[in-house]
Amino acid sequence: MKPTEILMEEHRVIERVLTALERAAGRLSRGEEVYLRFFIGTSVFIKNFVDDYHHKKEEGVLFPALVENGLNDEAGPVAMMLAEHEEERRLSQRMRQMTERLQAGDAHARDLVIQSGLGYVRLVRQHIIKEDNVLFPVADKVIPVNQQDQIIEAFNRIKYVEDGEELHAKYYGLADRLVQECIR
20 MKPTEILMEE HRVIERVLTA LERAAGRLSR GEEVYLRFFI GTSVFIKNFV
70 DDYHHKKEEG VLFPALVENG LNDEAGPVAM MLAEHEEERR LSQRMRQMTE
120 RLQAGDAHAR DLVIQSGLGY VRLVRQHIIK EDNVLFPVAD KVIPVNQQDQ
170 IIEAFNRIKY VEDGEELHAK YYGLADRLVQ ECIR
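Remember, the numbering used here sits 19 above the position in the sequence shown when you count from 1.
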């Protein structure tokens, strides 16, 4: 298995949560009942799985290998992916903050929860398309096979960050719970 295949597998999990988030935001916009804890749980998933786990592999391991093998980190696809990761963080944080305001009784925050949630969904879907179809094929070509093996080893070390608990399984389970909560 290639490092890019591991990341694409994680993209499929992220896409499931994006679909659930889109549904929940749609319900909220129609005035239907939505458990606000869904948006908090989604924020936790984004922070811990997408950012601290998935992006850690990309930003800390794959992107430096791409730069080492000739890509520019100040322009081009690596720079674009890094900038989009920052925007994803901003939108996720905004969604969490607005959800907390809505939970506290600020009815005006409702539209901001919807906007930030749907903005996050749109951005990440486009981001995944770019990585899967542009950046990752480039990575498969420019990173030598022996270095790809080293990248996988580094990815495997990232799996065990929290007190020996396998984060991979923990956050796949959280994704499943979020999807189930949204289809109630």
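Idealized CB from N, CA, C, for every residue including glycine. Fair warning: this is a prediction, and the values are worked out from it, not measured in the lab.
Report the rounded CA-to-CA distance for residue i versus residue j, giving the unit in angstroms.
i: N67; j: G89; result: 30 Å
i: K76; j: F174; result: 6 Å
i: D168; j: F58; result: 37 Å
i: R108; j: D71; result: 11 Å
i: N152; j: D125; result: 41 Å
i: M20; j: V69; result: 21 Å
i: L193; j: G45; result: 21 Å
i: P96; j: E34; result: 21 Å
Does residue i come out as helix, strand or coil in the three-state DSSP assignment?
i: Y54; result: coil
i: I20; result: In the sequence under discussion, the amino acid at residue 20 is Met, which differs from the Ile named in the question. M20 falls in the coil class under three-state DSSP.
i: H127; result: coil
i: G79; result: helix
i: G89; result: coil
Below 8 Å on the Cβ atoms is my guess for residue i versus residue j; work out the distance and round it to an integer in Å.
i: L37; j: R144; result: 6 Å
i: V140; j: T118; result: Their Cβ separation, rounded to whole angstroms, is 15 Å, which puts V140 and T118 out of contact at 8 Å.
i: E84; j: Q134; result: For clarity, residue 84 is Ala in the given sequence; the question names Glu instead. Their Cβ separation, rounded to whole angstroms, is 36 Å, which puts A84 and Q134 out of contact at 8 Å.
i: E29; j: H74; result: 10 Å between Cβ atoms; not a contact.
i: T23; j: L40; result: Contact flag wrong, Cβ pair sits at about 25 Å.
i: Y191; j: F64; result: Not really, about 10 Å apart at Cβ, beyond 8 Å.
Does residue i come within less than 8 Å of chain B when only Cβ atoms are used?
i: I170; result: Chain labels in this structure do not include chain B; a single protein chain is all it has.
Quick one: does the C-beta of residue i sit closer than 7 Å to a heavy atom of the ligand COA?
i: E29; result: Ligands are entirely absent from the displayed structure, and the ligand COA is therefore not among its contents.
- Where in the region 94-141 do unbroken runs of the alpha helix (DSSP H), each at least 4 residues long, occur, reported from the N-terminal end onward? 96-122
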